[in-house]
Amino acid sequence: METFFLVNRWVHITAGFIGFFVAPVALATRKGGPAHRLWGKVFFGAMLVAGGTALVGAQHIRSLFLLLTAVFSLYMAVFGYRSVFLKHLAWDARVGLFDWAVSGVGLVVFLGTVGYGLRVGNVPVTVFGGLGALTAFRQLRGYAKAGQWAKNQWLLNHISGFMGSYIAAVSAFSVTSLHFIPFPYNFLWPTAVGLPVSAWWHWRVRRQRVAMAVVPDLSGALAPALHK
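The opening position of the sequence shown corresponds to residue 0 in numbering that gives the first Met the number 0, with each subsequent residue numbered one higher.
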């Protein structure tokens, strides 16, 4: 049995290491291009393996931290990946039972995590639980408004999901390896750095949408003048 957990640990470390370095590559490549899709899938696979092995390892060493980061990372990775297949919710109100179930279960789990964190006074547990609960709630609210989504809402969700999963992975690495950073800062600094990056990407995507909407209006307004 100890051999199994040792192998599980090294598989977890390897997958986490791959995801740690692949995520910036996927973020830097042209969105929607072959390289972005390839490295995005590699990152998603790495997060699934890292999260799954973390769940096993957390039970073995009885680590609440490892369990929490595993659940959060898996949830956000699935959220980000599934968003690519939900583009149709901009015009179609049909949401699959799987998506409803994942978000509903996620909301219950993360709300329970927040309650536990508040009860024992654990700041990192409360923060991650709160972020997870907020994400799940917004998903459920979005599904309730399916058919009325903005055309690029799926992309915003994609960014939020994969960035959230990456933040959890970096947090796990920080706590287990960067021992010179005191608690709870070793747990929270990836969130403090990652959230502004995610917000910047959201701003950029929304700005591009506004620019695309304005150009046709301007061309239409100028057309009569140009043809005089």
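In this text, a Cβ means the ideal position worked out from N, Cα and C, and glycines have one as well.
Roughly how many angstroms separate the alpha carbons of residue i and residue j, rounded to a whole number?
i: residue 87; j: residue 56; result: 38 angstroms
i: residue 116; j: residue 122; result: 7 angstroms
i: residue 172; j: residue 46; result: 13 angstroms
i: residue 91; j: residue 2; result: 50 angstroms
i: residue 155; j: residue 133; result: 15 angstroms
i: residue 98; j: residue 160; result: 14 angstroms
i: residue 120; j: residue 6; result: 34 angstroms
i: residue 183; j: residue 124; result: 10 angstroms
i: residue 114; j: residue 142; result: 25 angstroms
i: residue 180; j: residue 187; result: 10 angstroms
i: residue 30; j: residue 202; result: 15 angstroms
Mind checking whether residue i and residue j have CB atoms under 8 angstroms apart?
i: residue 21; j: residue 42; result: yes
i: residue 67; j: residue 127; result: yes
i: residue 15; j: residue 49; result: yes
i: residue 79; j: residue 176; result: no
i: residue 24; j: residue 9; result: no
i: residue 204; j: residue 189; result: no
i: residue 105; j: residue 131; result: yes
i: residue 191; j: residue 72; result: no
Leaving out the 5 sequence neighbours to the left and right, which residues in its chain are closer than 8 angstroms to residue i when beta-carbon positions are compared?
i: residue 196; result: 162
i: residue 199; result: none
Cβ-heavy atom distance between residue i and the ligand ZN below 7 angstroms?
i: residue 108; result: No copy of the ligand ZN appears in this structure; indeed no ligand is present at all.
Taking 6 angstroms as the limit between beta carbons, can you name the residues of its chain near residue i, skipping five residues before and five after?
i: residue 102; result: 135, 138, 139
i: residue 17; result: 45
i: residue 150; result: 89
For residue i, I'd like the list of residues in its chain whose CB is within less than 7 angstroms of its CB, leaving aside the five on either flank, ordered along the chain.
i: residue 157; result: 79, 82, 83
i: residue 185; result: 173, 174, 177
i: residue 109; result: 128, 131, 132, 135
Taking the runs of the alpha helix (DSSP H) that are 4 residues or longer, which of them lie wholly in the segment 29-90? 33-60, 63-82
Entirely enclosed alpha helix (DSSP H) segments - the segment 119-151, minimum 4 residues: 122-143
Evaluate contact between the segment 133-148 and the segment 48-62, counting only Cβ atoms and requiring at least three cross-stretch pairs below 8 angstroms. no
Ranges of the alpha helix (DSSP H) found wholly within the segment 146-196, counting only runs of at least 4: 152-176
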